[in-house]
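**Student:** This is the structure I want to talk about, given as structure tokens.
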Amino acid sequence: MIAYLDNASTTRVSDEAAAAAMKAMTENYGNPSSLHRIGLNAELAVTEARKIIAGALGTVQESIFFTSGATEANNTILYGAAENYGRRKSTVVASSVEHPSVEEALKKLEGRGFKVKRVQPRPDGRIYTADLMECVDHDTFLVSCMLVNNETGSVNPVDDIFAAVKQRFPDCLTHTDASQAFLKLPLKASALSADLITVSGHKVHAPKGIGAMYIAKGVRIAPAFAGGGQEKGIRPGTEAVPLICAFGAAAKSQAASIDTAYKNALQLNMTLRKALDGLDYVTVNSDVRTSSPYIINFSVEGIRSEVMLHFLESRNVFVSSGSACSKGKRSRVLAEMGISEEDADSAIRVSFSKMSSWGEVDMLVSAIKEGALTLEKVK
Ligand code: PMP
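The working numbering applies: residue 977 is where the sequence shown begins, and numbers increase by one.
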């Protein structure tokens, strides 16, 4: 048995999703733009998937645009909004703990002359509405704030933040990267007052390489590419039909089990926290009151993340050190939260999925205890 507890990095593709991809590749292989029946069938399959993703976000299929993942969605949204809305206004307000696919794009926008104001989280890891609102003014054309932080699981009060933004600055666009929240926590575009939402397939048992953008009616995002007009010209290129169908199938089953999966993650999270509470060399960095149950970040005193990660691996337990996207680099997110360098250097991220089990948590806890003893001795 293995304990795969790195589901915020990526998840196992579900059997339904794999079957849907296979069907699209071998039976329903037409080009959705072709005028004949084979093409039409592919187009229908894409529409079906689009409706599922739209339903999961509480919106209509016209607002959903498929991309190659959350990275492309975030980049398209930031650059596309800057191009269309950043002529007379020049400021973007964002959290200081965004995923690199937002943060690095923001740096590029700064290089092009835009002003970026970054809002720091408080020690609980969250962005507070009052702190963010202090940065928003009449020059702000976009506010971008992630829903669930990928390293700590902190859930930002994005509904409250965006409602405050819209109340004072109705023309300001609101964007949330919901990659770690989609189909895990309740998420409706309208309830969030969001104009733009990013989601990713491979965090919810679809294959890697597929994601989507929600773009509210009336919001114009300049396309990143020029091409054949697919996705209403916003993301041209022949649709990735197998990936889109797999995303639809994965999302459908994830949506059907969202409540039971949440309860499962919460129980596993609580069990793990209880076990870690008993270990005086462990500090939990994810605030229990304000974090998603799917992610828990903790530090094992005096043992570097990578060293512990590889020890756990030797016991068939697979986790992440901070974030999989910043291999070997000290976590910017933990630093922004005010966590010490020593704790950041020994941070481990455990993340669950609907497939996670008690047995896996058990394996993890035993391996941490063994690792702490063994590695302490060899130091
Ligand atoms: N945003 C967040 C919050 C993420 O966790 C990730 C995946 N690590 C991404 C964006 C990038 O997603 P993708 O791999 O689909 O490009």
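For every residue, glycine included, the Cβ atom is placed at its ideal position computed from N, Cα and C.
#1: Out of Glu1346, Asn1245, Ser1332 and Ala1323, state which residue places its alpha-carbon closest to the alpha-carbon of Ser1357.
#2: Rounded to whole angstroms, what's the CA-CA distance from Gln1230 to Phe1041? Just pull it up for me.
#3: Would you check if the distance between the CB atom of Ala1000 and the CB atom of Val1217 is smaller than 9 Å?
#4: In terms of residues, what are the limits of the beta strand (DSSP E) holding His1075?
#5: For a minimum of 4 consecutive residues, which ranges assigned as the alpha helix (DSSP H) are wholly contained in the segment 994-1057?
#6: Quick one: grab the DSSP three-state call for Gly1347.
#7: Can you tell me which of His1181, Ala1320, Val1295 and Gly1056 puts its alpha carbon nearest to the alpha carbon of Ile1271?
#8: Alpha carbons only, please: which of Ser1130, Arg1308, Glu1079 and Lys1184 is nearest the one belonging to Val1092?
#9: Please report how far the alpha carbon of Gln1127 lies from the alpha carbon of Ser1327, in whole angstroms.
#10: Among Ser1307, Ile1324, Ala1057 and Ala997, which has the Cα closest to the Cα of Leu1085?
#11: Roughly how many angstroms lie between the CA atoms of Leu1244 and Ala1202, to the nearest whole one?
#12: At which residues does the beta strand (DSSP E) containing Phe1274 begin and terminate?
#13: Quick one: does the C-beta of Asn983 sit closer than 8 Å to a heavy atom of the ligand PMP?
#14: Determine the direct distance from the alpha carbon of Asn1292 to that of Thr1043, and round the result to whole angstroms.
#15: Let me check you understand the geometry: is the CB of Tyr1350 closer than 8 Å to at least one non-hydrogen atom of the ligand PMP?
#16: When you measure from the CB of Asn1126 to every non-hydrogen atom of the ligand PMP, does any distance come out below 8 Å?
#17: What is the C-beta distance between Lys1368 and Phe1117, in whole angstroms, given that I count them as a contact (C-beta under 8 Å)?
#18: In angstroms, rounded to a whole number, what distance separates the CA positions of Val1073 and Ser1155?
#19: Can you list, in chain order, the stretches of the alpha helix (DSSP H) that have 4 or more residues and sit fully within the segment 1186-1235?
#20: In three-state terms, what does DSSP make of Lys948?
#21: Tell me whether the beta-carbon of Ala984 lies closer than 9 Å to the beta-carbon of Lys1305.
#22: For the pair the segment 1180-1198 and the segment 1126-1145, tell me if three or more CB-CB distances fall below 8 Å.
#23: Look up Ala1363 in the DSSP assignment and say whether it is helix, strand or coil.
#24: Does the Cβ of Ala1046 lie closer than 8 Å to at least one heavy atom of the ligand PMP?
#25: When you compare only the Cα positions, how much space is there between Arg1308 and Asn1261?
#26: Could you tell me if the beta carbon of Lys1084 falls within a distance shorter than 8 Å of some heavy atom in the ligand PMP?
#27: Using a Cβ-Cβ cut-off of 6 Å (strictly less than) and excluding sequence neighbours within five positions of Ala1237, which residues of its own chain qualify?
#28: Where does Leu1118 fall in DSSP's three states?
**Tutor:** According to the structure data:
#1: Examination of residue 1357 is not possible in this model, given that the chain is present from 977 through 1355 alone.
#2: What you label residue 1230 is simply residue 254 of the sequence shown in a count that begins at 1. What you label residue 1041 is simply residue 65 of the sequence shown in a count that begins at 1. Using only the alpha carbons, I get a separation of about 20 Å.
#3: Here the question's residue 1000 lines up with position 24 in the sequence shown. Here the question's residue 1217 lines up with position 241 in the sequence shown. Yes. Within cutoff.
#4: Residue numbering aside, residue 1075 sits at position 99 when the sequence shown is read from its first letter. No beta strand (DSSP E) holds His1075; DSSP gives it neither H nor E.
#5: 1013-1032
#6: Position 371 of the sequence shown, counting from 1, holds the residue named residue 1347. Gly1347: helix per DSSP, three-state reduction.
#7: As a first step, residue 1271 is located in the sequence shown; it is residue number 295 there, counting from the start. Nearest C-alpha to Ile1271: Val1295.
#8: In the sequence shown, residue 1092 corresponds to position 116, counting from 1. Of the listed residues, the one whose Cα sits closest to Val1092 is Glu1079.
#9: Here residue 1127 is taken as the residue at index 151 of the sequence shown, counted from 1. Here residue 1327 is taken as the residue at index 351 of the sequence shown, counted from 1. Residue identity differs from the one stated: residue 1127 is Glu in this sequence, not Gln. Using only the alpha carbons, I get a separation of about 9 Å.
#10: Counting from 1 along the sequence shown, the entry for residue 1085 is found at position 109. Among Ser1307, Ile1324, Ala1057 and Ala997, the Cα nearest to that of Leu1085 is on Ala1057.
#11: The count along the sequence shown starts at 1 and reaches residue 1244 at position 268. The count along the sequence shown starts at 1 and reaches residue 1202 at position 226. Straight-line Cα distance between these residues: approximately 46 Å.
#12: Mapped onto the sequence shown, residue 1274 falls at position 298. Looking at the DSSP string, the run of the beta strand (DSSP E) that includes Phe1274 is Ile1271 to Val1276.
#13: As a first step, residue 983 is located in the sequence shown; it is residue number 7 there, counting from the start. Not under cutoff, so the answer is no.
#14: What you label residue 1043 is simply residue 67 of the sequence shown in a count that begins at 1. What you label residue 1292 is simply residue 316 of the sequence shown in a count that begins at 1. Cα-Cα distance, rounded: 34 Å.
#15: The residue you call residue 1350 lines up with position 374 of the sequence shown. The amino acid at residue 1350 is misidentified as Tyr; the sequence shows Thr. The answer is no for Thr1350.
#16: Mapped onto the sequence shown, residue 1126 falls at position 150. Because some heavy atom of the ligand PMP lies under 8 Å away, the Cβ of Asn1126 counts as near it: yes.
#17: Any property of residue 1368 remains undetermined from this structure, which presents the chain solely from 977 to 1355.
#18: In the sequence shown, counting from the first residue as 1, residue 1073 sits at position 97. In the sequence shown, counting from the first residue as 1, residue 1155 sits at position 179. If you take the alpha carbons of Val1073 and Ser1155, they lie about 14 Å apart.
#19: As far as the segment 1186-1235 is concerned, its whole alpha helix (DSSP H) runs of at least 4 residues are 1217-1232.
#20: Nothing can be reported for residue 948, as the shown portion of the chain is limited to 977 through 1355.
#21: Looking up residue 984 in the sequence shown gives position 8. Looking up residue 1305 in the sequence shown gives position 329. The answer is no: Cβ separation not under 9 Å.
#22: no
#23: Not covered by the structure: residue 1363. The range shown for the chain is 977 to 1355.
#24: Locating residue 1046 in the sequence shown gives position 70, where the first residue counts as 1. Inclusion of Ala1046 in the 8 Å shell around the ligand PMP follows from its C-beta lying nearer than that to a non-hydrogen atom of the ligand.
#25: In the sequence shown, residue 1308 corresponds to position 332, counting from 1. In the sequence shown, residue 1261 corresponds to position 285, counting from 1. Between Arg1308 and Asn1261, the alpha-carbon positions lie close to 14 Å from each other.
#26: Stepping through the sequence shown from its first residue, residue 1084 is reached at position 108. No, Cβ of Lys1084 sits at least 8 Å from all heavy atoms of the ligand PMP.
#27: Your numbering for residue 1237 matches position 261 in the sequence shown. So the qualifying residues of the chain are Lys1330.
#28: Here residue 1118 refers to the residue found at position 142 of the sequence shown. Reduced to three states, the DSSP call for Leu1118 is strand.
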